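Note sheet for the following structure.
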């Protein structure tokens, strides 16, 4: 058995991309630098608000496919959670007084 054969060349290792990390970091630094004390609160709650909006969009897309199979209780919970999300978002951005 000949073990002196060369190993096949491997692809060069890719360097990590910084694009995905730069955007949230820049947003965090901008909130903290220019927002004062409320900037910290924005930095803490903004990711949760973005996640809630994305989950809501996904939920509506799924609901559009299965809306005829939903019962009355499911419609009630769907509408009440969305109303809560809208009220919370209105309070968070200052459109509504708590």
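Residue numbers (the numbering used here): 133 to 230. Idealized CB from N, CA, C, for every residue including glycine. For clarity, every value in this text was computed on a predicted model and none was experimentally measured.
Leaving out five residues on either side along the sequence, give the residues of the same chain with a beta carbon under 7 Å from the beta carbon of residue 175. On the chain shown, position 43 is the one that residue 175 refers to. Excluding sequence neighbours, residue 175 sits near 160, 163, 164.
CB-CB length for residue 181 against residue 221, believed under 8 Å: Position 49 of the chain shown, counting from 1, holds the residue named residue 181. Position 89 of the chain shown, counting from 1, holds the residue named residue 221. Yes, residue 181 and residue 221 are in contact; Cβ-Cβ is about 7 Å, under 8 Å.
What separation, rounded to the nearest whole angstrom, lies between the Cα atoms of residue 223 and residue 217? By 1-based counting over the chain shown, the position of residue 223 is 91. By 1-based counting over the chain shown, the position of residue 217 is 85. Each residue's alpha carbon lies about 10 Å from the other.
Mind checking whether residue 195 and residue 214 have CB atoms under 8 Å apart? Stepping through the chain shown from its first residue, residue 195 is reached at position 63. Stepping through the chain shown from its first residue, residue 214 is reached at position 82. In this structure, residue 214 does not lie closer than 8 Å to residue 195 by Cβ.
Specify the secondary structure class of residue 222 as computed by DSSP and reduced to three states. In the chain shown, residue 222 corresponds to position 90, counting from 1. Three-state result, residue 222: helix.
Mind listing, in chain order, the continuous alpha helix (DSSP H) runs of no fewer than 4 residues lying wholly within the stretch 133-211? 151-198
Alpha carbon to alpha carbon, what distance is there between residue 183 and residue 198? In the chain shown, residue 198 corresponds to position 66, counting from 1. In the chain shown, residue 183 corresponds to position 51, counting from 1. Approximately 22 Å, taken between the alpha carbons.
When you compare only the Cα positions, how much space is there between residue 167 and residue 151? Locating residue 167 in the chain shown gives position 35, where the first residue counts as 1. Locating residue 151 in the chain shown gives position 19, where the first residue counts as 1. Computed Cα separation, rounded: 24 Å.
Return the CA-CA distance between residue 228 and residue 142, expressed in angstroms with no decimal places. By one-based count along the chain shown, residue 228 stands at place 96. By one-based count along the chain shown, residue 142 stands at place 10. Using only the alpha carbons, I get a separation of about 59 Å.
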